[in-house]
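4 protein chains.
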Amino acid sequence: MTAVSEQCQKSHYDVIATEKIKALWQNYQRTRDYSLQICSTLSDEDIQSQSMSDASPLKWHLAHTTWAFETFILKPSIPNYQPFNPHFEFLFNSYYNAIGAQYPRANRGLLIRPTRSEVETYRRSIDKLMKALFDEGLDRELYNLIELLIHHEQQHQELMFTDFKHLTSFTPFDYQYFSQGVKIESNLLPVKSNASIGFSSGLYNIGSNDDSFYFDNEGPRHRVFLEAFAIDSQLVSNREYLEFIDDGGYQEPSYWLSEAWYKIKEKSITHPLYWQNKENKWLEHTFSGEKEIVPELPVKHINYFEANAFASWKGKRLPSEYEWEVAAQSQNNSFNMMEQLWQWTSSSYNAYPGFKTASGAIGEYNGKFMVNQYVLRGGSVATPADHIRTTYRNFFYPGASWQFTGIRLAETL
Amino acid sequence: MTAVSEQCQKSHYDVIATEKIKALWQNYQRTRDYSLQICSTLSDEDIQSQSMSDASPLKWHLAHTTWAFETFILKPSIPNYQPFNPHFEFLFNSYYNAIGAQYPRANRGLLIRPTRSEVETYRRSIDKLMKALFDEGLDRELYNLIELLIHHEQQHQELMFTDFKHLTSFTPFDYQYFSQGVKIESNLLPVKSNASIGFSSGLYNIGSNDDSFYFDNEGPRHRVFLEAFAIDSQLVSNREYLEFIDDGGYQEPSYWLSEAWYKIKEKSITHPLYWQNKENKWLEHTFSGEKEIVPELPVKHINYFEANAFASWKGKRLPSEYEWEVAAQSQNNSFNMMEQLWQWTSSSYNAYPGFKTASGAIGEYNGKFMVNQYVLRGGSVATPADHIRTTYRNFFYPGASWQFTGIRLAETL
Amino acid sequence: MTAVSEQCQKSHYDVIATEKIKALWQNYQRTRDYSLQICSTLSDEDIQSQSMSDASPLKWHLAHTTWAFETFILKPSIPNYQPFNPHFEFLFNSYYNAIGAQYPRANRGLLIRPTRSEVETYRRSIDKLMKALFDEGLDRELYNLIELLIHHEQQHQELMFTDFKHLTSFTPFDYQYFSQGVKIESNLLPVKSNASIGFSSGLYNIGSNDDSFYFDNEGPRHRVFLEAFAIDSQLVSNREYLEFIDDGGYQEPSYWLSEAWYKIKEKSITHPLYWQNKENKWLEHTFSGEKEIVPELPVKHINYFEANAFASWKGKRLPSEYEWEVAAQSQNNSFNMMEQLWQWTSSSYNAYPGFKTASGAIGEYNGKFMVNQYVLRGGSVATPADHIRTTYRNFFYPGASWQFTGIRLAETL
Amino acid sequence: MTAVSEQCQKSHYDVIATEKIKALWQNYQRTRDYSLQICSTLSDEDIQSQSMSDASPLKWHLAHTTWAFETFILKPSIPNYQPFNPHFEFLFNSYYNAIGAQYPRANRGLLIRPTRSEVETYRRSIDKLMKALFDEGLDRELYNLIELLIHHEQQHQELMFTDFKHLTSFTPFDYQYFSQGVKIESNLLPVKSNASIGFSSGLYNIGSNDDSFYFDNEGPRHRVFLEAFAIDSQLVSNREYLEFIDDGGYQEPSYWLSEAWYKIKEKSITHPLYWQNKENKWLEHTFSGEKEIVPELPVKHINYFEANAFASWKGKRLPSEYEWEVAAQSQNNSFNMMEQLWQWTSSSYNAYPGFKTASGAIGEYNGKFMVNQYVLRGGSVATPADHIRTTYRNFFYPGASWQFTGIRLAETL
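Residue numbers (my numbering), protein chains in the order written: chain W, 11 to 423; chain D, 11 to 423; chain H, 11 to 423; chain L, 11 to 423.
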């Protein structure tokens with residue numbers, strides 16, 4: 011879904027300090043453990059099934075993230091490397107055409123074997139080989155690539171939550187899937203009193219130029235000219251979204267993009283994914299079953315079309331990704347711009363000026379998805395905390411609702 | 011998929027001898043155990059996934075067959091019966107509209123809960139209540155209904171094998187799914203030298219009038235007039251089917267029904283399901299992986315369209331279900347008419363003269379499927395042995411290939 | 011859609027009397043003229059468009075029926091025959107794989123050229139060559155084949171009415187498409203008081219053995235044994251069908267075949283094709299616009315699923331095609347068995363015992379459609395009068411509603 | 011497909027000079043006549059059929075453009091206006107939800123009535139009423155709205171050519187559809203020697219601020235900051251595109267966006283729409299049949315995915331719409347930027363800062379299409395000459411190939 015750091019492209023030999031390697035190893039271990047921890051309260055069935063082709067089984071996520079270390083690190087680093095299982099190259103390759111053919115995405119839930127226990131053995135085996143590699147020391151290229159793949163596994167950790175939530179919505183009665191320890195939905199904070207924060211027109215710098223990790227699509231850093239704009243300090247709340255519904259929002263074509271209008275009419279959609287109205291109460295599906303909507307919490311699992319329609323109804327608009335980034339960097343995140351919900355921007359996902367796709371398979375990480383998707387900014391309660399930054403560009407198709415996505419509004423001044 | 015014995019309809023009180031009840035209880039236990047035994051070497055993942063909407067997960071079969079005893083026996087027999095889980099009525103109802111709404115068939119593989127262990131508890135709990143019922147004695151109506159549901163579970167046992175075989179074909183490398191004890195594919199016998207056995211024209215009696223169990227669709231017994239015909243003593247072998255393929259059978263439209271021709275061209279089908287040609291060898295997918303085709307064994311997993319095309323190529327035709335039944339009853343099964351492979355007949359599945367659908371939910375067992383399906387006769391290596399009889403009418407859509415289906419040819423004299 | 015007379019297969023030279031040839035020529039002329047007459051009040055647009063892939067544009071029917079004479083008569087009879095237009099072989103071949111590839115059926119309405127006027131020139135040109143052939147005299151083989159193709163054009167004449175009616179239903183306001191002279195819908199007669207006519211069990215002869223023309227699928231004549239049955243003297247009326255609707259017929263699953271139930275629920279079907287309820291009045295679409303339903307007329311444009319559901323509701327069943335034929339031959343058609351509406355039978359369309367497909371392209375006329383279709387008997391107000399006979403076997407898919415199809419009920423005694 | 015001028019929004023009374031009105035009337039007449047002229051050599055069938063739901067029948071275009079004058083001009087201007095035909099409001103409303111329901115787009119080719127002659131009468135009748143209105147004088151609001159609808163009809167004139175070209179590709183042999191007078195394809199000029207023209211980084215003004223007509227989506231005029239870039243002086247030629255094909259361009263995934271790759275593999279696409287390889291010659295479908303590809307002409311009927319893949323292969327990229335506009339305004343069009351082929355830009359179609367949708371039905375003209383489409387610039391040989399300007403923003407889905415679309419490349423300096 012995302013990318014390779016620019017540093018990866020500098021492939022000259024470059025010794026990395028032992029301390030830095032140690033820190034990376036700890037990061038590696040922590041990340042690898044967390045993937046298993048997510049599944050620790052789940053049954054074998056829970057991590058087997060696939061509810062739509064956009065989502066993957068959790069067992070597949072566990073294997074694929076491991077496959078990535080095996081394929082991009084171990085295979086080129088260890089002479090005469092013998093793969094753990096030669097079939098895995100095909101089964102757990104997500105979309106890297108340069109690596110080879112891929113098992114059909116829509117059938118991932120039909121992979122009854124390897125079993126969970128075999129996948130866990132696979133993980134341990136690869137981790138052991140990775141440990142040996144770390145012990146030998148890493149050059150800069152390897153260091154950067156491993157760092158990238160740690161971030162890659164973190165991306166999949168968020169998907170594990172969102173894909174699994176989608177799957178649980180097909181079991182029509184309540185289970186407590188996660189232990190109390192795993193706070194996801196309960197970390198959402200109530201929306202406060204809203205303010206519109208103004209920014210003057212001018213040239214702004216956009217994109218990362220940081221020493222710390224970023225994906226290739228976050229650069230190159232470059233200038234954009236923005237007209238004066240204002241952005242809301244708060245996410246849109248359930249209460250406001252309910253007002254939109256109650257005002258006939260899903261029945262009035264003038265709020266909706268044409269493509270969206272035909273879709274919601276064809277499928278008789280009248281509310282967000284995971285909502286249902288039962289005896290005049292609005293309920294939402296959560297990891298612990300059907301719960302009543304809490305009006306003051308931010309509205310979530312909203313797709314681009316809904317976000318856009320809500321903005322039209324409100325007489326505002328979605329921010330561009332540039333406006334969002336400028337606001338996020340100026341506000342020190344005091345407005346919950348990050349770590350609550352991904353926020354749709356009006357920006358179609360495209361390359362920054364001067365962006366170059368890396369060569370080889372890793373070049374397929376980000377660039378080839380730059381059409382028909384829209385940029386989301388900010389991170390969510392399901393995103394690992396050290397995976398969030400103001401320059402981060404997430405992207406999904408405008409009809410996608412199964413991520414933890416919300417709405418922040420803007421306007422031209 | 012099939013039906014209720016005529017006796018069920020006599021609902022007057024009628025005491026059944028203790029010995030007969032004891033025998034039924036043993037039959038019940040044996041049947042219930044066998045369902046679990048089929049799954050005993052399979053992982054939780056194996057019994058969770060669903061490879062197409064025509065097939066069901068094995069976990070679902072385990073639950074549904076239990077649901078049938080709970081719904082049709084316990085619920086009406088036990089005053090103030092409290093269901094094991096009120097959601098199960100919806101989840102494990104296959105197609106009984108008279109019982110209520112049904113969970114969407116295509117989503118059965120998304121039911122991550124109840125888990126396997128919860129389903130096993132469900133089975134034990136219902137079996138315990140059934141035992142108590144048996145201990146109290148059964149009237150004729152209950153006796154007949156339980157007998158029907160035992161046969162119902164046997165039907166599902168065959169489907170467990172065929173549905174699971176379909177699922178395993180999506181895991182593209184070899185596993186030994188069953189222990190040596192479970193002989194299915196290995197029970198197929200080589201085809202011997204073929205003979206064409208003649209029958210003279212005349213009136214024949216068709217259908218069951220037996221005292222022993224039969225489904226409603228096997229009656230009423232009635233007369234049909236048959237012109238003189240001959241039927242082959244042997245099933246078609248892999249060798250003969252390979253000749254058909256080698257002779258361009260899948261490329262010559264005149265052998266094929268029009269509907270079939272468009273399908274095989276659209277999907278580029280050139281051989282039976284589960285076959286593939288690898289380095290000039292024909293392999294077939296089995297429960298223990300890809301195996302080379304054995305020429306002398308009967309060809310299997312053939313659909314009606316293929317059977318019909320093969321017959322055209324051979325200058326013969328498929329037998330009608332009447333011809334098949336007359337032959338089977340005359341031959342004492344010396345020609346492997348039963349217990350090897352289901353055999354397609356040219357008869358569309360329809361009601362026998364005077365057939366009446368039973369009232370209530372159980373009436374949905376058979377009658378409502380009487381359109382666009384074709385009758386198969388004979389049973390297969392996956393059919394429980396005491397579930398096979400000469401009057402048995404199995405039925406599938408003409409495009410279905412995932413059952414253990416073969417070809418026997420006939421001709422008009 | 012249907013077939014070749016058995017006589018065609020006797021290909022020995024056999025001189026035909028001049029008088030018989032003259033009569034055939036008159037038949038030819040009358041038939042060819044009628045096709046043009048059907049279109050005489052229609053615009054170029056009317057005969058151009060195609061409303062579904064099951065139906066064809068009238069312009070295409072005009073060309074295809076001409077193509078049949080060119081392909082099956084002129085081409086083999088005239089040495090060095092130069093086709094009228096070499097592209098027409100591809101464009102106007104309906105489904106004869108033995109002739110060659112076919113223009114995709116669903117795109118027939120996109121054939122803007124040849125224009126109507128070019129097609130009319132094509133017709134005249136072929137007719138002229140046919141006249142020359144007739145003038146030279148015909149042997150039996152040619153005679154029979156021409157007779158077959160005259161019947162073929164008559165079949166298409168009925169389709170011209172039914173396909174065009176379907177097309178007109180997409181123009182949502184009223185036109186008078188045909189002149190007063192063309193009586194189709196207005197030839198339907200009111201249903202009278204119904205009687206149930208009994209027939210005793212026994213052996214009956216089925217199929218044609220006539221000297222006059224019949225299609226190959228009407229033979230060979232053979233015996234069938236029928237149990238005692240009774241058949242209604244009258245077609246089902248709109249009034250009775252409205253009672254079925256008012257009684258919740260489309261909401262009660264127990265009346266419907268399983269496949270039908272899912273379809274009518276999925277598509278929210280609650281009444282026959284061409285009906286609509288407007289301000290509490292039932293209207294039907296006709297060739298002269300929306301008209302109020304006349305209760306005493308027979309219900310039409312009913313598919314097999316509806317006919318079957320109505321029969322279940324009524325506690326009766328559809329007749330088999332054998333029962334229908336026995337009744338029709340005994341009653342001298344005093345019960346409007348013919349010339350009103352095609353009547354669905356419970357018989358799946360299959361070969362009579364001993365049926366052999368003719369060799370060559372003409373063998374594709376009937377046999378290859380013998381799966382998943384149901385036999386209709388009797389003819390309709392849209393069928394040319396001399397194209398109707400008691401042994402005639404029409405066939406359509408059970409979901410087809412756009413033919414002039416009605417219901418006659420039967421029961422087992 | 012496009013929009014309303016900003017001036018329209020000033021609705022105060024404002025007398026327009028007689029001379030200006032006279033000029034507008036001449037423009038009106040010329041435009042209305044041209045629509046009929048396009049069809050003058052076409053048959054009734056040619057203007058009836060619809061080859062895909064994205065395209066409309068020419069008869070429908072003739073009626074819809076007339077409907078627009080009736081609905082937006084006559085209806086609000088003439089007291090107690092009686093519509094020409096009350097059904098036309100529904101039939102010829104393209105997508106204006108504020109006007110009411112619309113006849114299903116995919117069925118436009120099934121509207122056999124009104125006939126061509128009735129549509130021509132409709133046109134004359136509305137023109138007559140428009141003439142009367144012009145004679146009474148126009149206020150500014152009416153003037154602007156009529157001017158907008160003249161441009162609207164011009165847009166449809168281009169679509170008439172592109173939609174009809176698509177339709178003719180289904181008639182698989184050659185016709186000369188247009189007279190020699192109608193030059194479309196023959197107006198394409200050979201590509202000359204290419205140069206890369208550089209532009210320095212800086213702030214540029216984008217969008218129209220002209221007194222002459224423009225659509226709402228071309229404004230408001232605003233500033234953008236562009237990094238230094240260079241743009242090619244020439245369109246990509248057939249010769250260059252053939253090199254891409256010969257180099258395996260359609261077989262190498264790394265050139266393609268992920269979504270595009272799956273599409274071309276699924277549909278086995280290996281060349282542009284309308285091309286075919288026949289006996290080792292590349293032919294293209296034209297208005298006068300299949301013609302050999304001329305290497306020096308610009309490649310056309312290219313979709314966004316192909317344009318993007320070609321750019322990747324070439325090591326360049328598509329220009330943004332801003333870069334294109336800056337280049338077009340600086341070059342005085344000496345590089346065939348306009349009037350040859352629409353050129354894909356990398357810009358997703360979105361609102362300019364400060365863009366507001368007009369209120370009422372006319373507000374649906376442009377804004378509601380601002381998702382998942384890409385901006386094309388420059389006009390084509392099928393565009394009416396006075397309908398082309400440097401600020402014009404055309405937009406289509408990235409998979410669309412049936413417009414006259416080509417490729418111009420750019421690069422970041």
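We put the CB at the ideal spot given by N, CA and C, even for glycine.
Can you tell me where the beta strand (DSSP E) holding residue i begins and where it ends?
| i | result |
| --- | --- |
| L/Arg387 | Tyr384 to Arg387 |
| D/Phe405 | Asn404 to Phe406 |
| H/Leu236 | His232 to Leu236 |
| H/Glu128 | H/Glu128 -> not in any beta strand (DSSP E); alpha helix (DSSP H) instead, spanning Arg126 to Glu146. |
| W/Ile216 | Gly212 to Ile216 |
| W/Thr367 | Looking at the DSSP string, W/Thr367 is not in any beta strand (DSSP E), and its letter there is neither H nor E. |
| D/Asn287 | Trp285 to Lys288 |
| W/Ile241 | Phe239 to Asp242 |
| H/Lys32 | No beta strand (DSSP E) holds H/Lys32; the alpha helix (DSSP H) holding it covers Thr28 to Cys49. |
Might you give, ordered along the chain, the residues of its own chain that have their beta carbon closer than 7 Å to the beta carbon of residue i, omitting 5 neighbours on each side?
| i | result |
| --- | --- |
| W/Gln186 | Ser298 |
| H/Ser247 | Val201, Pro305, Glu306, Leu307, Pro308 and Val309 |
Determine the closest residue to residue i out of the options, with distance taken between C-alpha atoms.
| i | options | result |
| --- | --- | --- |
| H/Phe171 | H/Leu68, H/Asp54, H/Glu302 and H/Ile88 | H/Leu68 |
| D/Phe183 | W/Phe100, W/Ser63 and W/Asp137 | W/Phe100 |
| H/Glu250 | H/Pro305, H/Phe223 and H/Ser206 | H/Pro305 |
| W/Glu300 | W/Ala205, W/Ile48 and W/Tyr284 | W/Tyr284 |
| D/Glu146 | D/Ser340, D/Lys32 and D/Pro329 | D/Lys32 |
| H/Gln39 | H/Gln164, H/Pro114 and H/Ser344 | H/Gln164 |
| L/Leu267 | L/Leu159, L/Gly377, L/Arg327 and L/Gln341 | L/Arg327 |
| D/Phe406 | D/Arg123, D/His397, D/Ile398 and D/Asn376 | D/Asn376 |
| W/Ser330 | W/Ser344, W/His311, W/Asn313 and W/Tyr359 | W/Tyr359 |
| D/Tyr314 | D/Asn103, D/Ile274 and D/Ile83 | D/Ile274 |
Can you give me the Cβ contacts of residue i inside the same chain, cut-off strictly under 6 Å, excluding the 5 residues immediately before and after it?
| i | result |
| --- | --- |
| D/Glu168 | Ala392 and Thr393 |
| L/His166 | His71 and Thr75 |
| L/Met347 | Ala338 and Gly388 |
The alpha helix (DSSP H) spanning residue i covers which residue range?
| i | result |
| --- | --- |
| W/Thr75 | Leu68 to Phe79 |
Query - Proximal residues, the segment 38-57 of chain H versus chain L, C-beta separation under 7 Å - result: Those would be Ser53, Asp54, Glu55 and Asp56, in chain order.
**Report entry** the segment 385-405 of chain W contacting the segment 348-357 of chain W, beta-carbon criterion three pairs below 8 Å
**Finding:** The answer is yes - the segment 348-357 of chain W touches the segment 385-405 of chain W, with three or more Cβ pairs under 8 Å.
Query raised in the report: Taking three-plus beta-carbon pairs below 8 Å as touching, is the segment 316-335 of chain W in contact with the segment 190-199 of chain W?
Result: Segment contact: the segment 316-335 of chain W against the segment 190-199 of chain W, fewer than three CB-CB distances shorter than 8 Å; contact not assigned.
Report task. May I ask you to list, following chain order, the residues of the segment 177-211 of chain H that have a beta carbon less than 8 Å from some beta carbon of chain L? Result -> Closer than 8 Å at the C-beta level to chain L, one finds these residues of the segment 177-211 of chain H: Leu177, Thr178, Phe180, Thr181, Pro182, Phe183 and Tyr185.
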